[in-house]
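Q:
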Amino acid sequence: MRILVTGAAGFLGSHLCDRLLERGAIVTGLDNFQTGRRENVEHLVNHPSFTMVEHDITVPFDGTFDRIFNLACPASPPEYQKDPLGTMRTCVVGTDNMLALAVASGARFFQASTSEVYGDPEVHPQHEDYRGSVNPIGIRACYDEGKRAAETLCFDYRREHGIDIRVARIFNTYGPRMNPADGRVVSNLIVQALRGEDMTVYGSGDQTRSFCYGDDMVEGFLRLMDAPGEVSGPVNLGNPDELTVGGLAELVVEMTGTRSRIVQRPLPSDDPARRCPDISRAWELLGWTARVPLRDGLRQTIDHFQDKLAIQAP
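Just so we're aligned: 555 in my numbering is position 24 of the sequence shown, and the numbers increase by one with no gaps anywhere.
(1) For Arg569, which residues of its own chain have a beta-carbon under 8 Å away from its beta-carbon, when the five flanking residues on both sides are left out?
(2) Pull the bridge partners of Cys743 from the DSSP assignment, please.
(3) Could you give the residue range of the beta strand (DSSP E) that holds Asp562?
(4) Report yes or no: do three or more beta-carbon pairs, one from the stretch 788-795 and one from the stretch 672-689, lie closer than 8 Å?
(5) Which of the three DSSP states, helix, strand or coil, is assigned to Met709?
(6) Helix, strand or coil, according to DSSP, for Thr595 in the structure here?
(7) Considering only their Cβ atoms, is the gap separating Ala603 from Thr537 smaller than 8 Å?
(8) Across which residues does DSSP place Ile694 in a beta bridge pair?
(9) Taking the alpha carbon of Gln565 as the reference point, which residue from Leu547, Ile588, Ala680, His578 has its own alpha carbon closest?
(10) Could you please give the first and the last residue of the uninterrupted beta strand (DSSP E) stretch that includes Arg662?
(11) Might you give, ordered along the chain, the residues of its own chain that have their beta carbon closer than 8 Å to the beta carbon of Tyr733, omitting 5 neighbours on each side?
(12) Would Val749 and Leu816 be called neighbours here (beta carbons separated by less than 8 Å)?
(13) Is the beta carbon of Leu535 sitting closer than 8 Å to the one on Phe596?
(14) For His574, tell me which candidate among Ala643, Cys548, Asn703 has the shortest Cα-Cα distance.
(15) CA-CA distance, Val624 and Gln837?
(16) Arg726 by DSSP, collapsed to three states: which one?
(17) Name the two residues that bound the continuous beta strand (DSSP E) containing Ile793.
(18) Classify Lys613: buried if its beta carbon has 16 or more other beta carbons within 10 angstroms, exposed otherwise.
(19) Residues in its own chain within less than 8 Å of Ala841 by CB, not counting five upstream and five downstream?
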């Protein structure tokens, strides 16, 4: 099977490429390396069934594929806010280009959407039928509304061209190969703890998130892509166990043995107060649930950052 993965040098994209190659697929990876890192795919450079191409999906790409996984887009707020116009173009123009390629190839198409389509939700946990509470003119809108528009494109392409689409709404995910400087809460707290720096918690720390280990998330991608044709989504993929950000910080302190202080900083604009997925649809349609316990996943992630950053635990 010939498979295209955009965002292939990213955290989740690189793990997805690993799994696809293990299945015997012929994989082409695209990445413009804005946030993707070459080291995430360097172990695949000499793989006979893998080709890495530096390419920005806002520019059309030619080829013939059986399946396309569209994961291209910065996913952490500091990264996507650096270039809001570029983020919106990636979500809209880039997704349109990849959907057109899927039509030309007759390919099944997977769209990596996000829990950010729910904005600062007023319904808990968030079910796929909830339409969200998004600020369309805020500093996060380039990503939130960009991903909402990308979902719209997917369903319009299905209606207009009969394309087979799969839309996954990804909730907070963590694990090895995260960029230590990307500004996401798990990587921030772990790296700060390992370096003995103040550990930054924004706001009171009472806001909640639900943290899913990367291997579980990639398994969800594959199950959704492999599901029967009537399963288009959107489908929430995430860990339904809610945890406060302050609680996460305290857990990282415990697991690293750091002497770092937990310090509070002002809460960013439009930061959601609660975020927790209803994954009943994923279980019913895919038999999928998050399986890796948080402590186990954090242990793997801490060990990864210690190795990559050559930091010794306190």
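Don't be surprised by glycine CBs; every beta carbon is placed ideally from N, CA and C.
A: So, from the data block:
(1) Along the sequence shown, read from residue 1 onward, the residue named residue 569 stands at position 38. Counting only Cβ-Cβ distances below 8 Å, and skipping sequence neighbours, we find Ala540.
(2) Position 212 of the sequence shown holds residue 743. When DSSP reads this structure, Cys743 sits in a beta bridge with Thr704.
(3) Position 31 of the sequence shown, counted from the first residue, corresponds to residue 562. Counting along the chain, Asp562 sits inside the beta strand (DSSP E) bounded by residues 557-562.
(4) When C-beta atoms of the stretch 788-795 are compared with those of the stretch 672-689, fewer than three pairs fall below 8 Å, so the two segments do not count as touching.
(5) Counted from its first residue, the sequence shown places residue 709 at position 178. Three-state result, Met709: coil.
(6) As a first step, residue 595 is located in the sequence shown; it is residue number 64 there, counting from the start. DSSP places Thr595 in coil when its eight states are reduced to three.
(7) Numbered from 1 along the sequence shown, position 6 holds the residue referred to as residue 537. Numbered from 1 along the sequence shown, position 72 holds the residue referred to as residue 603. Against a cut-off of 8 Å, the Cβ pair of Ala603 and Thr537 comes out as a contact.
(8) Taking the first residue of the sequence shown as position 1, residue 694 is located at position 163. Beta-bridge pairing by DSSP links Ile694 to no other residue.
(9) The residue you call residue 565 lines up with position 34 of the sequence shown. Comparing alpha-carbon positions, the option among Leu547, Ile588, Ala680, His578 lying closest to Gln565 turns out to be Ile588.
(10) Indexing the sequence shown from 1 puts residue 662 at position 131. Element bounds for Arg662: n/a, residue is neither H nor E.
(11) To locate residue 733, count along the sequence shown from 1; it is residue 202. Excluding residues within five positions, the ones whose Cβ falls inside 8 Å are Val776, Gln795, Arg796, Pro797, Leu798, Pro799, Asp802.
(12) The residue labelled residue 749 in the question sits at position 218 within the sequence shown. The residue labelled residue 816 in the question sits at position 285 within the sequence shown. Judged by their CB atoms, Val749 and Leu816 are not nearer to each other than the 8 Å cut-off.
(13) As a working note, residue 535 is residue 4 in the sequence shown. As a working note, residue 596 is residue 65 in the sequence shown. Yes, the pair counts as a contact, with Cβ atoms nearer than the cut-off.
(14) Residue mapping note: residue 574 aligns to position 43 of the sequence shown, counting from 1. Closest in alpha carbon position to His574, among Ala643, Cys548, Asn703, is Cys548.
(15) Locating residue 624 in the sequence shown gives position 93, counting from the first residue. Locating residue 837 in the sequence shown gives position 306, counting from the first residue. Between the alpha carbons of Val624 and Gln837 lies a gap of roughly 38 Å.
(16) Counted from its first residue, the sequence shown places residue 726 at position 195. Note: Arg726 maps to helix in three-state DSSP.
(17) Counting from one through the sequence shown, the residue named residue 793 turns up at place 262. Per DSSP, Ile793 belongs to the beta strand (DSSP E) from 793-796.
(18) Counted from its first residue, the sequence shown places residue 613 at position 82. Counting Cβ neighbours within 10 Å, Lys613 comes out exposed, since fewer than 16 surround it.
(19) Translated into positions along the sequence shown, residue 841 becomes position 310. Leaving aside the five residues that flank Ala841 on each side, none in its chain has a CB nearer than 8 Å to its CB.
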